[in-house]
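Residue numbers (UniProt numbering): 1 to 134.
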């Protein structure tokens, strides 16, 4: 069972009532992806909200609950770690660890070992078996 389950459930409940925001005219042309792009044309019906059948626009009011923002789907907060001192500032009961992209294999291995000792949730361990044996 994830920690912060109530917050995640609240976020899921709010997401149910949120409409599927679609890119304007994406249903019309196959070459356009459905991922959201803001309509910017001067006569665009979706931007003007002119006709009823058009999908809604992304607005501030559709945002998720404030208490659930920044949470990983596992329920932990997502924290970027570049060294051991960053790791020592965190609480293993509430904070998850994401190791920075620029961290090399040697230092990554040390961070992973320390975080396993302290029982942190690691989101991107990515240490090969060969590296962990040496």
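Ideal Cβ positions, reconstructed from N, Cα and C, are used throughout, including at glycine.
Exercise for the section: Using beta-carbon positions only, say whether residue 135 and residue 81 come within less than 9 Å of one another. Expected result: Past the boundaries of the shown model lies residue 135; the chain is included only from 1 to 134, so the question cannot be answered.
Exercise for the section: Report buried or exposed for residue 17, applying the criterion of at least 16 other Cβ atoms within 10 angstroms of its Cβ. Expected result: Within a 10 Å sphere around the beta-carbon of residue 17 sit fewer than 16 other beta-carbons, which makes this residue exposed.
Practice task
Decide if the stretch 42–55 is in contact with the stretch 70–85; the criterion is three or more beta carbon pairs, one per stretch, under 8 Å apart.
Solution key: By the Cβ test, the stretch 42–55 is not in contact with the stretch 70–85, since fewer than three Cβ pairs between them sit closer than 8 Å.
Exercise for the section: Could you tell me which residues DSSP pairs with residue 40 in its beta bridges? Expected result: Residue 40 pairs with nothing; no bridge assigned.
Handout entry: residue 77, enclosing beta strand (DSSP E) - first and last residue
Key = For residue 77, the enclosing beta strand (DSSP E) begins and ends at 77–81.
Exercise for the section: Express the C-alpha separation of residue 64 and residue 89 in angstroms, rounding to a whole number. Expected result: So the alpha carbons of these two residues sit roughly 27 Å apart.
Exercise for the section: List the residues that DSSP assigns as beta-bridge partners of residue 96. Expected result: For residue 96, which the question treats as bridged, DSSP gives the partners 78, 121.
Problem - Secondary structure of residue 71, DSSP reduced to three states - result: Correct three-state label for residue 71: strand.
Handout entry: residue 21 versus residue 36: straight-line alpha-carbon distance, rounded
Key = Taking the straight line from one Cα to the other gives about 6 Å.
Exercise for the section: Please work out which residues of its chain come closer than 7 Å, Cβ to Cβ, to residue 72, disregarding the five sequence neighbours upstream and downstream, and give them in chain order. Expected result: If we look at residue 72 and ignore the five residues flanking it on each side, its Cβ neighbours are 78, 96, 123.
Practice task
Report, in whole angstroms, the separation of the C-beta atoms of residue 75 and residue 2, which I expect to be a contact under 8 Å.
Solution key: Indeed, because the Cβ distance is near 3 Å, the residues count as touching under 8 Å.
Problem - Per-residue DSSP class, three states only, for residue 14 - result: In this structure, residue 14 counts as helix in the three-state DSSP scheme.
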